[in-house]
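Read the structure below first, then the notes.
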Amino acid sequence: MSPDPQLRFEASGVALSLEVAGLGPRALAALVDAVILFVCWVMGLVLYSVAGDLLREVQALSVAGQLAAVIAVLLSGWGWDVAWEVLGRGQTPGKRALGLRVVRSDGAPVGLAESLVRNLLRAVEVPLGYAPGVLAVALSPRRQRLGDLVAGTLVVRERRYDLSRYDPAAGADPRFASLRGRAGALLAAGEFERLADFLDRRAELDAAPRARIAALLSAALSARAGSPAPDRDLAEPFLEALVAAYAEGR
Amino acid sequence: MTADGPGPSRASGVGAFVRARRTSWERLAELVSRVDSGRLSLDEVEELDRLYRRAAGDLARARAAFPGTDAEGYLSQVAARAYGALYRRRRGGLGAALRLARDAAPAAFQAHLPALGLAFAFLAAGLAGGALAVALDPLAAQALVPPEVRDAVAAGHLWTEGLLSAAPGFTGSAIAHNNVSASALVFALGLTFGAGTAWLLFANGLLLGAVAVHCLRNGLGGPFFGFVAAHGPAELSAFLLAGQAGFVLAGALVDPGEWPRGAALAARGREAARLLAVAVPVLALAALLEAVISADARFGAAVKGVAGLGLGAALWAWLLSGGGRTPR
Chain A
1 MSPDPQLRFE ASGVALSLEV AGLGPRALAA LVDAVILFVC WVMGLVLYSV AGDLLREVQA
61 LSVAGQLAAV IAVLLSGWGW DVAWEVLGRG QTPGKRALGL RVVRSDGAPV GLAESLVRNL
121 LRAVEVPLGY APGVLAVALS PRRQRLGDLV AGTLVVRERR YDLSRYDPAA GADPRFASLR
181 GRAGALLAAG EFERLADFLD RRAELDAAPR ARIAALLSAA LSARAGSPAP DRDLAEPFLE
241 ALVAAYAEGR
Chain B
1001 MTADGPGPSR ASGVGAFVRA RRTSWERLAE LVSRVDSGRL SLDEVEELDR LYRRAAGDLA
1061 RARAAFPGTD AEGYLSQVAA RAYGALYRRR RGGLGAALRL ARDAAPAAFQ AHLPALGLAF
1121 AFLAAGLAGG ALAVALDPLA AQALVPPEVR DAVAAGHLWT EGLLSAAPGF TGSAIAHNNV
1181 SASALVFALG LTFGAGTAWL LFANGLLLGA VAVHCLRNGL GGPFFGFVAA HGPAELSAFL
1241 LAGQAGFVLA GALVDPGEWP RGAALAARGR EAARLLAVAV PVLALAALLE AVISADARFG
1301 AAVKGVAGLG LGAALWAWLL SGGGRTPR
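Listed in order, the protein sequences are those of chains A and B.
Sequential numbering from 1 applies to the first sequence in my numbering.
Sequential numbering from 1001 applies to the second sequence in my numbering.
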């Protein structure tokens, strides 16, 4: 299966797209929700036991109280996801934590009917250990489980973007001032993004591979600029200056 | 689309483009997340709409000039979220639930009467089969009636008595949960081209028919029908509705018409959802009746019967007479 399928839809004449979420984040989100629900139940039971004899309490409840008990169980068993998805714009707490969102296949937020269907279909998935759901997510082009296919919904992932990479860096190395005004011609837009990604994440790399990548990149790019490759210790300052010059525009 | 202001030309690069527009994008993102969590003033809603249109224009420009950049991805995401937020405001929340109850659910019900007939046929066949089997050969009860029920009946009382005197509240919620699960399964198994739905309807009918006749033969007919009188009609009705919804799904798979199967499934799934939106609250109500009224000896059989049949009749009358306007 191809990575990162997209949901494409059109709204007021503009083509929009959202990234479809894969199995991993969705399973994690479900786990987060299950833990929260479990903690809620344990806390409720503990509070109840502190207050007194559980069985007698329930037996002594009025009709309204028993109604509340019935509704509480129904809500936690089936309604947790539905309520959160409808009122929370497609996000349960677990999905919110993972940056996931349920949307209709036309990009609109899920309504009560869609949420009800996609969650009720867990009835066939849960007893089989979610196997049909996992298979359907893996095989369907838009990563839909059975409930999603029937309800016409899917789960999208919201990425965190950092627009500050487009800010001109203040302390660009003056030795590479000649790059200013030329960077736009040296880099394609996609190359700029990957270069900025490397600079953002280089602190996570080990020293040796980090230096090797920087040297390779700076050699290739300085060749494009028609200048000799910078020294090894100047490779990263060169790349920084290039990114800064590109972000600055001409 | 947005000819206002000195827009960045293509030549000046993605950095200048982002710097020129970033403030308004981030304002848009902030307004959108406030739609999620709270309310906006009228001015802010207008601002949201204006910013969304500008962002949509910016997105079109980013697509053309800077494809594959984070700027394009960010804009696409913000615009899609804003579209969702604006769309939802037009759609309405509680009003939609009201429309569902008044128009959409009865209309879906009436549009799929053949599916209901099919569900009824399987349930009735099960009922008749179970009843006939036990009536003709009492030994059939060994196979068809659950052991705990047989033990209780052999001891001369209904299995429900011990169960319910323990904790009515708990039993009520357990019953509701069980019924909702069973109904959800009847619906969901429509995906097996209807085979699973048909089997579950038949099997439940078989069980009910066998238990009823087994109680009758052992002189417990009165208590049994007294017990099911209050909640039975509503519960069976909801179960039938879930079966109807299941066959609606199956119909989309068996005969998708001119649509691809996936699209037909999504469209009919929406119709089936309207039936489920009726069935689930009715099941909750039936469970409440079962826990509170059915098990309580203070209510006579007549009271239970009137309550149960009244509720069932009201449900069918509403589904058959309501609607008239086609749901959107």
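The C-beta atom is built at its ideal place from N, Cα and C for all residues, glycine as well.
Keep in mind it's a predicted model, so treat the numbers as computed, not measured.
Applying the criterion that 16 or more other CB atoms from any shown protein chain within 10 Å of the CB defines a buried residue, is residue 1232 of chain B buried or exposed? When all chains shown are included, residue 1232 of chain B counts as buried.
At a Cβ threshold of 9 Å, is residue 1026 of chain B touching chain A? yes
Say whether chain A places a C-beta atom closer than 9 Å to the C-beta of residue 1173 of chain B. For residue 1173 of chain B, the pLDDT reaches just 47, beneath the cut-off of 50, and the residue's location in the model is therefore unreliable, leaving the point undetermined.
DSSP three-state label for residue 158 of chain A, please. coil
Which residues in the same chain as residue 176 of chain A place their Cβ atom closer than 6 Å to its Cβ, once the five residues preceding and following it in sequence are excluded? The answer, listed in chain order, is 238, 241.
For the region 1259-1273 of chain B, which residues have a beta carbon sitting closer than 8 Å to at least one beta carbon of chain A? 1262, 1265, 1266, 1267, 1269, 1270, 1272, 1273
9 Å Cβ cut-off: residues of chain B touching residue 149 of chain A: 1191, 1262, 1265, 1266, 1269
Nearer than 8 Å: is that true of the beta carbon of residue 1243 of chain B relative to any heavy atom of the ligand ADP? Inclusion of the ligand ADP in the displayed structure is not the case, the ligand content being empty and no account of it being possible.
Interface residues of chain A around residue 1067 of chain B at Cβ under 9 Å? Within chain A, the residues near residue 1067 of chain B are 189, 190.
To test your reading of the DSSP string, which unbroken alpha helix (DSSP H) runs of 4 or more residues are found completely within the region 1197-1274 of chain B? Those alpha helix (DSSP H) runs which fall completely within the region 1197-1274 of chain B and span 4+ residues are 1221-1254.
In whole angstroms, give me the CA-to-CA distance for residue 149 of chain A and residue 1265 of chain B. 7 Å
For residue 192 of chain A and residue 198 of chain A, what's the separation of their Cα atoms in angstroms? 10 Å
With a threshold of 9 Å between beta carbons, is residue 210 of chain A in contact with chain B? no
Counting only beta-carbon atoms, is residue 1187 of chain B nearer than 9 Å to chain A? Yes, residue 1187 of chain B lies at the interface with chain A (some Cβ there is under 9 Å from its Cβ).
Euclidean distance between Cα positions of residue 1224 of chain B and residue 1263 of chain B: 46 Å
Note down, in chain order, every chain B residue with its Cβ under 8 Å from the Cβ of residue 155 of chain A. Per Cβ cutoff of 8 Å: no residues; residue 155 of chain A is ~14 Å from chain B at best.
Counting contacts by CB-CB distance shorter than 9 Å, is residue 193 of chain A in contact with chain B? yes
What is the DSSP secondary structure of residue 6 of chain A, reduced to helix, strand or coil? strand
Any C-beta of chain B under 9 Å from that of residue 105 of chain A: yes
For the alpha helix (DSSP H) containing residue 1306 of chain B, name the first residue and the last one. 1301-1321
Using 8 Å as the threshold, is the region 81-88 of chain A in touch with the region 111-119 of chain A, meaning 3 or more CB pairs across them? yes
Going along the chain, which residues of its own chain have a beta-carbon closer than 7 Å to the beta-carbon of residue 1211 of chain B, five neighbours each way excluded? 1145, 1149
Between the Cα of residue 9 of chain A and the Cα atoms of A/195, A/213, A/161, A/108, which residue gives the shortest distance? Of the listed residues, the one whose Cα sits closest to residue 9 of chain A is A/108.
Drop a sphere of 10 angstroms on the beta-carbon of residue 33 of chain A, count the other beta-carbons inside from all chains shown, and report buried for 16 or more, exposed for fewer. Under the 10 Å beta carbon count, residue 33 of chain A is surrounded by 16 or more other beta carbons and is classified as buried.
Considering residue 104 of chain A, what are the terminal residues of the alpha helix (DSSP H) in which it resides? Here residue 104 of chain A belongs to no alpha helix (DSSP H); instead the beta strand (DSSP E) covers 100-104.
Could you have a look at residue 237 of chain A and say whether DSSP puts it in helix, strand or coil? helix
Report the rounded CA-to-CA distance for residue 184 of chain A versus residue 247 of chain A, giving the unit in angstroms. 8 Å
Helix or strand or just coil, what does DSSP make of residue 1041 of chain B? coil
Mind checking whether residue 1201 of chain B and residue 1116 of chain B have CB atoms under 9 Å apart? no
When you compare the region 1265-1285 of chain B with the region 157-164 of chain A, are there three or more beta-carbon pairs, one atom per stretch, that lie closer than 8 Å? no
Inter-residue spacing [alpha-carbon to alpha-carbon] between residue 35 of chain A and residue 48 of chain A: 20 Å
So, helix, strand or coil for residue 1067 of chain B, using DSSP? Residue 1067 of chain B: coil per DSSP, three-state reduction.
Where residue 35 of chain A falls: helix, strand or coil (DSSP): For residue 35 of chain A, the secondary structure class from DSSP, reduced to helix, strand or coil, is helix.
Does residue 167 of chain A come within less than 9 Å of chain B when only Cβ atoms are used? yes
Going along chain A, which residues have a C-beta under 9 Å from residue 1276 of chain B? 113, 116, 117, 120
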